[in-house]
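Q: Here our numbering is used: the first residue of the sequence shown is 192, the next is one more, and so on. My structure is below; once you've seen it, I'll send some questions.
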Amino acid sequence: MQVLIQLALDFFGGPEPIAPPERKAPPQVDAAAPVKRRKVAEPPPPALPLSDVLPPATWPHPRANRLVKLPGCDVAYEFKRGQRRTIGLRVTGEGLSVSAPRWTPVGEVEALLHSKSAWVLDKLQSARHRAGELAQARPVWADGAELRFLGQRVRLVLDPSHSFAEAGAVLDPPAPQADGSEPVARLRLGLAHSATEAQIRDAAQAWLMRQARRVFTERLAHFAPRVGVQHKSLRLSSAGTRWGSASVDGSIRLNWRLIHLGMDLVDYVVVHELSHLRHMDHSPRFWAVVAGVMPDYAERRLALKRAPVPLKD
192 MQVLIQLALD FFGGPEPIAP PERKAPPQVD AAAPVKRRKV AEPPPPALPL
242 SDVLPPATWP HPRANRLVKL PGCDVAYEFK RGQRRTIGLR VTGEGLSVSA
292 PRWTPVGEVE ALLHSKSAWV LDKLQSARHR AGELAQARPV WADGAELRFL
342 GQRVRLVLDP SHSFAEAGAV LDPPAPQADG SEPVARLRLG LAHSATEAQI
392 RDAAQAWLMR QARRVFTERL AHFAPRVGVQ HKSLRLSSAG TRWGSASVDG
442 SIRLNWRLIH LGMDLVDYVV VHELSHLRHM DHSPRFWAVV AGVMPDYAER
492 RLALKRAPVP LKD
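As structure tokens, this is what we get:
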């Protein structure tokens, strides 16, 4: 600052006689004068997600960062690179995800998408249809709403006259319907009519989980000798993508939401996981064990894939 002030004085005042250099006193600052503050650059606004920047697409992915024009429609897809040897295509309810090796040119990826366009569009259509089914099957936690218990219709009924302290809820037998439709059982919950959605959900799910543990324990005990194994323990799971799993230590995990399905599908998952205690893979030997206990396992497996039961609330 002192150098700048000196230059201004020299410019307006003309040349000064040469004199020995002397130390200059710091300039006086007028306290009443406004102080010029240095402007600080504001941070740039956050960048929009690429899915918001891309043009509208018929099949948008929430994390889309690329767009490809396939026959008859545009597909906005999630593109990731990683340590892999081949290009991978994956279609879920969210949309299309593509994973490629780090060295693969984008042009090669899009060429593959064009060559596989019929498969991609068919899977996207199936995934959207499946998502709609799951949305319709998602339970509504309210008085009078219905859900499935072991495949049968169950209507939630708030019954504040009973606390059901020990059982939490009581299931009444199915009753015939006036319109001739499928009979409906009543699951009476000891809650006030003013109960919130969360309270109804928690009470109903607590009862469903207790039933799941009871039923799964019985079916494991029934099928374990037939498979030729002994399981160590049972744990209930709420995984978002798996119906069950088995560990080498003999422990079995089963998704409690299986209790919504019919017993034939529950039994398939039980036999499937018990068979993993014989072979921890999906080799022909594994499927031979499953078939030895359940010859129609393929039909049950397909029905399980199509079952409209959401794995998440």
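Think of the CB as a built atom: it goes at the ideal place given N, C-alpha and C, for glycine as much as any other residue.
Anyone know if the C-beta pair for Gln421 and Gly453 falls short of 9 Å?
A: No, Cβ-Cβ distance for Gln421 and Gly453 is not below 9 Å.
Q: Among all the DSSP beta bridges, which residues are the ones paired with Leu304?
A: Answer is none; Leu304 lacks a bridge partner.
Q: Please state whether DSSP places Pro475 in a helix, a strand or coil.
A: Looking at Pro475 - three-state DSSP - the assignment turns out to be helix.
Q: Suppose the cutoff is 6 Å on Cβ atoms and the five residues either side in sequence are ignored; what does the same chain contact list for Lys314 look like?
A: Here the set comprises Val282.
Q: Using a 10 Å radius around the Cβ and a threshold of 16 neighbouring Cβ atoms, would you call Arg319 buried or exposed?
A: By the neighbour-count rule (16 or more Cβ atoms within 10 Å), Arg319 is not buried but exposed.
Q: Which of the three DSSP states, helix, strand or coil, is assigned to Lys545?
A: The displayed coordinates of the chain run from 192 to 504. Any statement about residue 545 would go beyond what the structure contains.
Q: I'd like to know whether the C-beta atoms of Leu349 and Arg379 end up nearer to each other than 9 Å.
A: Cβ distance < 9 Å, so Leu349 and Arg379 count as in contact.
Q: What do you reckon, are the CB atoms on Ala376 and Arg346 nearer than 9 Å?
A: Yes, they are a contact pair.
Q: Spatial neighbours of Arg392 within its chain, please: C-beta separation below 6 Å, excluding the five flanking residues on both sides.
A: Excluding positions up to five away in sequence, the list reads Trp332.
Q: Return the bridge partner residues of Thr283 from the DSSP annotation.
A: Its beta-bridge partners are Gly286.
Q: With DSSP run on the structure shown, which of helix, strand or coil describes Val460?
A: DSSP places Val460 in helix when its eight states are reduced to three.
Q: Using C-beta distances below 6 Å, list every residue in its chain close to Phe270, excluding the 5 sequence neighbours before and after it, in chain order.
A: The answer, listed in chain order, is Asn256, Arg257 and Val289.
Q: Are the beta-carbon atoms belonging to Val484 and Val462 less than 9 Å from one another?
A: Result yes, Cβ atoms of Val484 and Val462 sit closer than 9 Å.
Q: Assign Glu490 to one of three DSSP states: helix, strand, or coil.
A: Three-state DSSP puts Glu490 in a helix.
Q: Using only the alpha-carbon positions, how far apart do Ala369 and Arg344 sit?
A: Ala369 and Arg344: Cα-Cα distance of roughly 15 Å.
Q: If Val311 and Val266 are in contact, beta carbons under 8 Å, what's the gap, nearest whole angstrom?
A: Contact flag correct, Cβ pair sits at about 7 Å.
Q: Identify, in the order they occur along the chain, each residue of the same chain with its Cβ nearer than 7 Å to the Cβ of Ala494, setting aside the five sequence neighbours on each side.
A: For Ala494, where only same-chain residues beyond five positions count, the Cβ hits under 7 Å are Leu456.
Q: What three-state label does DSSP hand Ile391 in the structure shown?
A: Ile391: helix per DSSP, three-state reduction.
Q: Return the bridge partner residues of Ala360 from the DSSP annotation.
A: Leu380.
Q: From the DSSP output, which residues share a beta bridge with Val348?
A: Note: Val348 sits in a beta bridge opposite Arg379.
Q: I need the straight-line Cα distance from Ala238 to Thr387, nearest angstrom please.
A: Residue confidence for Ala238 is low, a pLDDT of 42 falling below 50, so the modelled location carries little weight and cannot support an answer.
Q: Helix, strand or coil for Pro206 per DSSP?
A: Any reading at Pro206 is ruled out, since the residue's pLDDT is 39, under 50, leaving its predicted position unreliable.
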